[in-house]
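Worksheet: the structure to be examined is printed underneath.
In my numbering, the protein residues as written are 5 to 229.
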């Protein structure tokens, strides 16, 4: 899952981005409203966290502009101003939820999960492929009765394969979904994570070709197991 965080307080932005990255999200940070707009124009996001008070383009104006452009991505608005007028205004221009600073991190992440679930109602709560089960709510992955202990990137990679339901994923697609723009690694990094993920799946009892390589194209979950 990819999140855009539009927040001009660098301390808050870095702390929140680190916490979300630990929970398997790829996070891009924009320091003002104009940069946030540029990020949205350049990429696709599963959720936008938008501060109300921003330089260049304020959060209310940016939210209104995003909705006017037809964007349906869930928007969670942050503000230090705890007034009903601000809340109503934010919701009226298209925000889906509203959190007051200073926020409680577990509550904020719970609201993020709720918004992501709401925007993905067509997706099953438990993702399965053959004997593999991934529970997005508990972030637990099992193959048969065996629990897999995955790194955050391995978990995100496996979830991406499961959510795309057997489609071939190119290395570029994987990079775009799992890494922030400023942290994009080389394609060799994907091979390293994929090699480790395949080994952990094999150790848990999955076939060696559970994730297959489609030469010249990319990777996908094996449909002929």
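Don't be surprised by glycine CBs; every beta carbon is placed ideally from N, CA and C.
Inset, instruction - State the DSSP-derived secondary structure class of residue 77, mapped to helix, strand or coil. - result: On the chain shown, position 73 is the one that residue 77 refers to. Of the three classes helix, strand and coil, the one that applies to residue 77 here is coil, per DSSP.
Inset, instruction - Report buried or exposed for residue 214, applying the criterion of at least 16 other Cβ atoms within 10 angstroms of its Cβ. - result: Reading the chain shown from its first residue, position 210 is the one you call residue 214. Label assigned to residue 214: buried.
Legend entry - Stretch pair the stretch 45–55 + the stretch 6–20: three plus CB contacts closer than 8 angstroms: At 8 angstroms Cβ cutoff, the stretches touch.
Legend entry - Cα-Cα separation, residue 13 to residue 228: In the chain shown, counting from the first residue as 1, residue 13 sits at position 9. In the chain shown, counting from the first residue as 1, residue 228 sits at position 224. Across the structure, residue 13 and residue 228 are spaced so that their CA atoms are roughly 50 angstroms apart.
Inset, instruction - For residue 112, I'd like the list of residues in its chain whose CB is within less than 6 angstroms of its CB, leaving aside the five on either flank, ordered along the chain. - result: For this step, residue 112 is matched to residue 108 along the chain shown. Here the set comprises 103.
Legend entry - Contacting residues, own chain, Cβ-Cβ under 8 angstroms from residue 100 (five flanking each side not counted): Along the chain shown, one-based indexing puts residue 100 at 96. Setting aside the 5 residues that flank it on each side, residue 100 is surrounded in the same chain by 78, 79, 80, 119 and 122, each with a C-beta closer than 8 angstroms to its C-beta; the list follows chain order.
Inset, instruction - Please state if the CB of residue 60 and the CB of residue 82 are separated by a distance shorter than 9 angstroms. - result: On the chain shown, position 78 is the one that residue 82 refers to. On the chain shown, position 56 is the one that residue 60 refers to. Their beta carbons are not under 9 angstroms apart, which means residue 82 does not touch residue 60 by this criterion.
Legend entry - Delimiting residues of the alpha helix (DSSP H) encompassing residue 163: For the purposes of this step, residue 163 is taken as the residue at position 159 of the chain shown. Per DSSP, residue 163 belongs to the alpha helix (DSSP H) from 156–167.
Inset, instruction - Can you have a look at residue 202 and say buried or exposed, based on whether 16 or more other CB atoms are within 10 angstroms of its CB? - result: As a working mapping, residue 202 is identified with position 198 in the chain shown. Residue 202 is buried by the Cβ-count criterion.
Legend entry - Spatial distance of residue 41 from residue 70 (CA atoms): Working through the chain shown from its first residue, we reach residue 41 at position 37. Working through the chain shown from its first residue, we reach residue 70 at position 66. Answer to the nearest angstrom: the Cα atoms are 8 angstroms apart.
Inset, instruction - Using a threshold of 9 angstroms, state whether the C-beta atoms of residue 68 and residue 97 are closer than that. - result: Within the chain shown, numbered from 1, the residue matching residue 68 stands at position 64. Within the chain shown, numbered from 1, the residue matching residue 97 stands at position 93. Contact flag set, yes.
Inset, instruction - Return the CA-CA distance between residue 33 and residue 181, expressed in angstroms with no decimal places. - result: Translated into positions along the chain shown, residue 33 becomes position 29. Translated into positions along the chain shown, residue 181 becomes position 177. Those two C-alpha atoms are separated by around 15 angstroms.
Legend entry - Residue range of the alpha helix (DSSP H) that includes residue 121: By one-based count along the chain shown, residue 121 stands at place 117. It spans 109–123 - the alpha helix (DSSP H) in which residue 121 sits, taken as one unbroken run.
Legend entry - Per DSSP, cross-strand counterpart(s) of residue 67: Here residue 67 is taken as the residue at index 63 of the chain shown, counted from 1. Answer is none; residue 67 lacks a bridge partner.
Inset, instruction - Measure from the alpha carbon of residue 208 to the alpha carbon of each residue in 151, 18 and 198, then state which is nearest. - result: For this step, residue 208 is matched to residue 204 along the chain shown. The shortest Cα separation from residue 208 among 151, 18 and 198 belongs to 151.
Inset, instruction - For the stretch 216–226 and the stretch 162–170, state whether three or more C-beta atom pairs, one from each stretch, are separated by less than 8 angstroms. - result: yes
Legend entry - Residues that residue 92 bridges to, as DSSP identifies them: Position 88 of the chain shown, counted from the start, is the residue given in the question as residue 92. For residue 92, which the question treats as bridged, DSSP gives no partner whatsoever.
Inset, instruction - Just the C-alpha distance for residue 222 and residue 107, rounded to the nearest angstrom, thanks. - result: Mapped onto the chain shown, residue 222 falls at position 218. Mapped onto the chain shown, residue 107 falls at position 103. Whole-angstrom Cα-Cα distance: 41 angstroms.
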